[in-house]
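J.: Dropping a structure here in structure tokens format, bear with me for questions.
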Amino acid sequence: MPAAHTTHVTPAEALSPAEAVAPAEAVAPLLRGIAVLRRLTEAPDGTLSLSALEKTTGLARSTVDRLTATLARMGYVRLDGRDVTLAPRLMELGNAYLAALRLPALLSAHADALADELDESVSLAVGDRDGIRFIHQATRRRAMSLSFRIGDLLPAERTAPGPLFATQWTDADWHHWRQRRATDPADHTFPAVPPREHPTPDEDFTLRTSTAASDGYALDDQLIEPGLVALSVPVRALRDPGTGRLACVASVVSHTSRHTAPDLRTTLLPRLRAAVTAMETDLRTAPPPTPGPPRTDLATWTGASKQELGREFVESLARGLTVLTAFGEGRSALTLTQVAKATGLARATARRALITLTHADLVTPAPDATFTLTPRVLSLGFPPLSRTSLPEIAQPHLTALADRVHESTSLAVLSDSGEEIQYTARASAPHVLSARVTLGTRLPAHATALGRVLLAHPEVRARGYALVDEELEAGLRAIAVPVHDRTGRVTAAINVATHPARRTPTACETELLPELSRTATAIEADLRVAGRFVHVPPT
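Note that the numbering used here has the sequence shown beginning at 2, numbered continuously upward.
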């Protein structure tokens, strides 16, 4: 990569000081799109108005409109009037990092088992410059429970994993940390934690780091907020035992009504260490990953989108973000040539994208001329989206379906007893006479189209849908299809309900069923992305 040269932009084009000093070959629209995604990630519920994005990014409104239109075309955001909301498809960027990292796939089962054994929350974290970022959470359902999300960034000095990562910091890392502490003493740049009320001396963290180096574990005694305590042990990459490089850090997290910090160390440290030993064994013995097929159609898709939408589609933004998806399991380190081949992009286009992504701290170059993704990829929407439920995924698709067919539509799951269905999402149609069901309502499964799909009787399974004609109630005709999760298991069902005067049974099958199946396919596509590394609650 050539030496970086600064470029100057006009005030109207300016985004931030970081863009103003970007390498001359950096792609400005890509930097701006990344800034939009980061502002949305920091926003409550991942939603901001177009005017708020204009204000927080410093971009012209026309630029914001074009960027968000492009992101919507990619399925990364959803446009709802004047609001922009992160969409589950965006998680494919974070999934690329987590797949390339391999740690969640190899270690999450151990973390989950430990959480079940201890009845406490267990997390896995990686270092991200002078912070730590979560890559897996096994939480316990309690009134007082852990609220951190996968991808959340925390300041190292306020966590238990932080001192363990700091044992391997360079002088430059320590310098960066001290600079950040001086410019942001209250931790306002870390939205996942409450602002610091009482700053602590830098010497406190250096002492904790020294202690962690000698003890082999670290404690967080209410450093993030009162009542929260954690115990951490390093998980080392044993394929290179000479360096003792940390792969990640495993932590047990509780609160002071259950454990004090010293009590965590006394009672739970042996079991945490045993779990970490098992994790390290799996890291050492895991077979090399098998790369999946590259997505070589990406350049073709972005070109077609540009041709269709014209100026409203920012092709350089779309192509830059698709470079991140070139990485994955078995493709953790790629050369420029490999990136170009995996995406179908021209070598020069892929090169400029990598220069830009490196400047944005999303990609890092290695001495062997390869590139790898950084944990900062998770800052592109992953934390808020990692808590997305199935009804939240389905809702915009149901709304679009109701608008297309002008009938009410619903999502339902089977109750624990298997005898009832429970409605969890719905969209109404503008009819005086229409099916009106309150969310949470339960009905006998055998008497509904939704229930018959979920129960999967032989005839329904063979046809792939169920049609119920005025069996539950006179004047109600409904047709339903299944919704499958990543494993192919039927996890929910969606239906369209109508009155017999509006559609015959044949019309339900010829007019409604194709639209219903199309909607189920769209929900399943989002569910596959969202559920790759996180649990998606069905309700």
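The C-beta atom is built at its ideal place from N, Cα and C for all residues, glycine as well. As the structure is a computational prediction, the values presented were derived from the model and not from experiment.
With a CB to CB cut of under 8 Å and the five nearest residues on each side skipped, what residues in its chain are close to R266?
T.: These residues qualify, in order along the chain: Y218, L220, L232.
J.: Please report the straight-line C-alpha distance between R465 and T389, rounded to a whole angstrom.
T.: As written in the sequence, residue 465 is Gly, which differs from the Arg given in the question. Rounded to the nearest angstrom, the two C-alpha atoms are 27 Å apart.
J.: For Q423, count neighbouring Cβ atoms within 10 angstroms of its own Cβ and tell me buried if that reaches 16, exposed if not.
T.: By the 10 Å Cβ count, Q423 comes out buried.
J.: Is the distance from the Cβ of R320 to the Cβ of L115 below 8 Å?
T.: No, Cβ-Cβ distance for R320 and L115 is not below 8 Å.
J.: Please report the straight-line C-alpha distance between V497 and S409, rounded to a whole angstrom.
T.: Taking the straight line from one Cα to the other gives about 6 Å.
J.: Between which two residues does the alpha helix (DSSP H) carrying S317 extend?
T.: S317 -> alpha helix (DSSP H) spans 316-325.
J.: Let's test the definition: count the other Cβ atoms within 10 Å of the Cβ of L165 and tell me whether it reaches 16, buried, or not, exposed.
T.: Flag for L165 reads buried.
J.: Does the count of Cβ pairs from the segment 484-501 and the segment 376-384 closer than 8 Å reach three?
T.: No, they do not touch.
J.: Would you please state the rounded distance, in angstroms, between the beta carbons of T439 and T540? I believe it to be under 8 Å.
T.: That belief does not hold up - the Cβ atoms of T439 and T540 are roughly 14 Å apart, past 8 Å.
J.: Between the C-alpha atoms of S215 and R490, what's the straight-line distance to the nearest angstrom?
T.: Distance between the alpha carbons of S215 and R490 is about 48 Å.
J.: By Cβ distance below 7 Å, which residues in the same chain neighbour R28 in space, the five residues on each side in sequence not counted?
T.: As written in the sequence, residue 28 is Val, which differs from the Arg given in the question. Closer than 7 Å at the Cβ level, and outside the excluded window around V28, lie S317, G321, R353, A354, T357.
J.: Less than 8 Å between the beta carbons of L54 and V37, yes or no?
T.: Yes. Within cutoff.
J.: By how many angstroms is the C-alpha of P156 removed from the C-alpha of L102?
T.: Distance between the alpha carbons of L102 and P156: 21 Å.
J.: What is the rounded straight-line gap between the Cα of R274 and the Cα of A457?
T.: When rounded, the distance between both Cα atoms is 45 Å.
J.: CB V85 to CB L49, shorter than 8 Å?
T.: In contact: V85 and L49 (Cβ atoms closer than 8 Å).
J.: Mapping the DSSP letters down to three states, classify Y424 as helix, strand or coil.
T.: Residue state, collapsed to three classes: strand.
J.: Taking the C-alpha atoms as reference points, what is the distance between V433 and H500?
T.: Legend: pLDDT at V433 = 48, less than 50; position of this residue unreliable, no value from coordinates given.
J.: Do the CB positions of I225 and V194 come within less than 8 Å of each other?
T.: Yes.
J.: Using a threshold of 8 Å, state whether the C-beta atoms of E281 and R237 are closer than that.
T.: Against a cut-off of 8 Å, the Cβ pair of R237 and E281 comes out as a contact.
J.: Looking at A361 and L80, is the spacing between their C-beta atoms short of 8 Å?
T.: Against a cut-off of 8 Å, the Cβ pair of A361 and L80 comes out as no contact.
J.: In terms of alpha-carbon separation, which member of I524, L325, T522 lies closest to T344?
T.: For the residues I524, L325, T522, the minimum Cα distance to T344 belongs to L325.
J.: In the DSSP assignment, what are the bridge partners of A499?
T.: The sequence shown places Thr at residue 499, not Ala. According to DSSP, which records beta bridges pairwise, T499 is partnered with R478.
J.: Do P376 and D113 have their beta-carbon atoms positioned less than 8 Å apart in this structure?
T.: No. Outside cutoff.
J.: Excluding the 5 residues preceding and the 5 following E93 in the sequence, name in chain order all residues of the same chain whose CB lies nearer than 8 Å to its CB.
T.: The answer, listed in chain order, is T326, V530.
J.: Taking the continuous beta strand (DSSP E) assigned at R79, which residues delimit it?
T.: Counting along the chain, the beta strand (DSSP E) containing R79 begins and ends at 78-81.
J.: Looking only at C-alpha atoms, which of A502, H485, T365, V277 sits nearest to E525?
T.: Per the Cα distances, H485.
J.: Per DSSP, what kind of secondary structure is R40 in: helix, strand or coil?
T.: Three-state DSSP puts R40 in a helix.
J.: Pick out whichever of L270, D66, G132, G245 has its Cα sitting closest to the Cα of E121.
T.: With distances taken between Cα atoms, E121 lies closest to L270.
J.: The alpha helix (DSSP H) with F149 in it runs from where to where?
T.: Where F149 is concerned, there is no enclosing alpha helix (DSSP H), given that its DSSP letter is neither H nor E.
J.: Straight-line CA distance for G95 to H536?
T.: Those two C-alpha atoms are separated by around 15 Å.
J.: Given a cut-off of 8 Å, decide if C509 and L551 are closer than it, judged by their beta-carbon atoms.
T.: The first residue shown for the chain is 2 and the last is 540, placing residue 551 beyond what the model contains.
J.: When you compare each of F372, Q339, K307, L477 to M75 by their alpha carbons, which one comes out closest?
T.: Of F372, Q339, K307, L477, the residue nearest in Cα terms is K307.
J.: What span of residues does the alpha helix (DSSP H) with L107 cover, start to end?
T.: Per DSSP, L107 belongs to the alpha helix (DSSP H) from 104-119.
J.: Any idea which residues DSSP pairs G532 with across the strands?
T.: G532 is not bridged to any residue.
J.: Based on the DSSP output, what are the partners of S124 in its beta bridges?
T.: DSSP output for S124 lists Q138, S252 as bridge partner(s).
J.: Which same chain residues, not among the five before or five after D203, have their C-beta less than 7 Å away from its C-beta?
T.: For D203, where only same-chain residues beyond five positions count, the Cβ hits under 7 Å are R179, R182.
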